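Only one structure is covered here, and it is reproduced in the block below.
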Amino acid sequence: MTQSDSAPGASPPSHPAYAQLRQVTPVAAVMLENNPGMMTLDGTNTWVLRAPGRDECVVVDPGDHDEEHLHRVAGIGPVALTLVTHRHFDHTGGVEKFAEITGAPVRAVDHRFHRGGGTAFEQGEVIEVAGLVLRILPTPGHTADSVSVVIEPDRSQPGAVLTGDTILGRGTTVLDDSDGDLGDYLTSLRDLIGLGGGRTVLPGHGPDLPDLETVARQYLAHREDRLAQVRSALDTLGADAPVRAVVEQVYSDVDPTLWPVAEKSVNVQLEYLRR
Numbered sequence: 001m002t003q004s005d006s007a008p009g010a011s012p013p014s015h016p017a018y019a020q021l022r023q024v025t026p027v028a029a030v031m032l033e034n035n036p037g038m039m040t041l042d043g044t045n046t047w048v049l050r051a052p053g054r055d056e057c058v059v060v061d062p063g064d065h066d067e068e069h070l071h072r073v074a075g076i077g078p079v080a081l082t083l084v085t086h087r088h089f090d091h092t093g094g095v096e097k098f099a100e101i102t103g104a105p106v107r108a109v110d111h112r113f114h115r116g117g118g119t120a121f122e123q124g125e126v127i128e129v130a131g132l133v134l135r136i137l138p139t140p141g142h143t144a145d146s147v148s149v150v151i152e153p154d155r156s157q158p159g160a161v162l163t164g165d166t167i168l169g170r171g172t173t174v175l176d177d178s179d180g181d182l183g184d185y186l187t188s189l190r191d192l193i194g195l196g197g198g199r200t201v202l203p204g205h206g207p208d209l210p211d212l213e214t215v216a217r218q219y220l221a222h223r224e225d226r227l228a229q230v231r232s233a234l235d236t237l238g239a240d241a242p243v244r245a246v247v248e249q250v251y252s253d254v255d256p257t258l259w260p261v262a263e264k265s266v267n268v269q270l271e272y273l274r275r
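Residue numbering for the sequence shown follows full-length UniProt numbering, starting at 1 and increasing by one per position.
What follows is the structure, given as structure tokens:
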């Protein structure tokens, strides 16, 4: 993920301070980890989900291996379950320690992160825990194992979706060229659009956003625009043009220091077009 491929009209709003729990919806609060960087924006959002009046909670993406952060999150309340949206270290580096601190099972697509009896998600699985109904929606593309967590609406809240790195709070998502896939990503965006309007976006990085359908449509349009630009670059440079040449043409409006990151997404786009 990065700001190098910014969506039209995007601006960097203010973000809460590190190490402070911020309530976003009646059931979702966020703790921002102090690990800012080119690939993490302000840092990793660790989400804490809990129904009103309940003690136990669900933690989504404990973050990197920062023991202060992990202990701070664990101290918010008894953790019934930990969920992982995808394999990247800034979301999973702390899994081992967090499981040790809380004793809570950890569930993820990738078996490497299972702890405490946690298992892989089943297709379309619905999890009832901590007074909440959570639906696991596969959203591959950023990585092969990416999922989103749908908080189903009820009388206390209109619903929200934890999107991991599939949709960010600002900018757009870099597709990992080791196992990301543009075709999967476009399908995932359409699946998120299909959830309908009115759902809050709770991203893995950056601020929360008010309406998932609107943001997902912007992401889809932006990705299709970039794909058209890559096609045009290949028409000019030749079908076998190297990735850096394509990046220099398509991302000429982007700071060149960010081109190595853009290469990841372009590699995935080239693979999509050439197959």
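The C-beta atom is built at its ideal place from N, Cα and C for all residues, glycine as well. None of the values given here were measured: they were computed from a predicted structure.
Check: Would you list the one or two residues that DSSP bridges to N45?; Outcome: L32
Check: DSSP three-state call for L273: helix, strand or coil?; Outcome: helix
Check: Name the one or two DSSP bridge partners that S146 has.; Outcome: Answer is none; S146 lacks a bridge partner.
Check: Would you kindly check if the distance between the Cβ of T46 and the Cβ of V30 is under 8 angstroms?; Outcome: yes
Check: May I have a chain-ordered list of the beta strand (DSSP E) segments no shorter than 3 residues that lie completely inside the segment 87 to 174?; Outcome: 126 to 129, 132 to 138, 147 to 151, 160 to 164
Check: If I'm right that residue 293 touches L237 with Cβ under 8 angstroms, what's the distance once you round it to whole angstroms?; Outcome: Because the chain spans 1 through 275 in this model, residue 293 falls outside it and cannot be assessed.
Check: Ignore the nearest five residues each way along the sequence and tell me which others in S265's own chain have a CB closer than 6 angstroms to its CB.; Outcome: V174, L175
Check: What's the gap between the Cα of T166 and the Cα of S148?; Outcome: 8 angstroms
Check: Below 8 angstroms, can you find three or more Cβ-Cβ pairs linking the segment 129 to 143 to the segment 180 to 190?; Outcome: yes
Check: Pull the bridge partners of D82 from the DSSP assignment, please.; Outcome: Residue identity differs from the one stated: residue 82 is Thr in this sequence, not Asp. T82 pairs with V59, V106.
Check: G183 by DSSP, collapsed to three states: which one?; Outcome: helix
Check: Can you tell me whether DSSP reads V215 as helix, strand or coil?; Outcome: helix
Check: Pull up the CB-CB distance for L202 and T163, whole angstroms please, since I reckon it's below 8 angstroms.; Outcome: 7 angstroms
Check: Would you kindly work out how many angstroms separate the C-alpha atoms of V129 and A239, rounded to a whole number?; Outcome: 51 angstroms
Check: According to the Cβ coordinates, are G159 and R54 closer than 8 angstroms?; Outcome: no
Check: Which residues does DSSP list as the beta-bridge partners of R22?; Outcome: V30
Check: Any idea if T2 is buried or exposed, counting beta-carbon neighbours within 10 angstroms, 16 or more meaning buried?; Outcome: With a pLDDT of 42 at T2, under the threshold of 50, the predicted position of this residue should be treated as unreliable, and no value is reported.
Check: Starting from L70 and walking both ways along the beta strand (DSSP E), at which residues does that stretch end?; Outcome: Segment 67 to 74 is the alpha helix (DSSP H) holding L70; no beta strand (DSSP E) there.
Check: So for P203, helix, strand or coil by DSSP?; Outcome: strand
Check: Ordered along the chain, which non-local residues of its own chain (more than five positions away) have a Cβ less than 8 angstroms from that of H71?; Outcome: I101
Check: Return yes when the Cβ of I193 is within less than 8 angstroms of the Cβ of R217, no when it is not.; Outcome: yes
Check: Does DSSP put L189 in a helix, in a strand, or in coil?; Outcome: helix
Check: Of the choices E33, D61, S178, whose alpha-carbon is the least far from that of P105?; Outcome: D61
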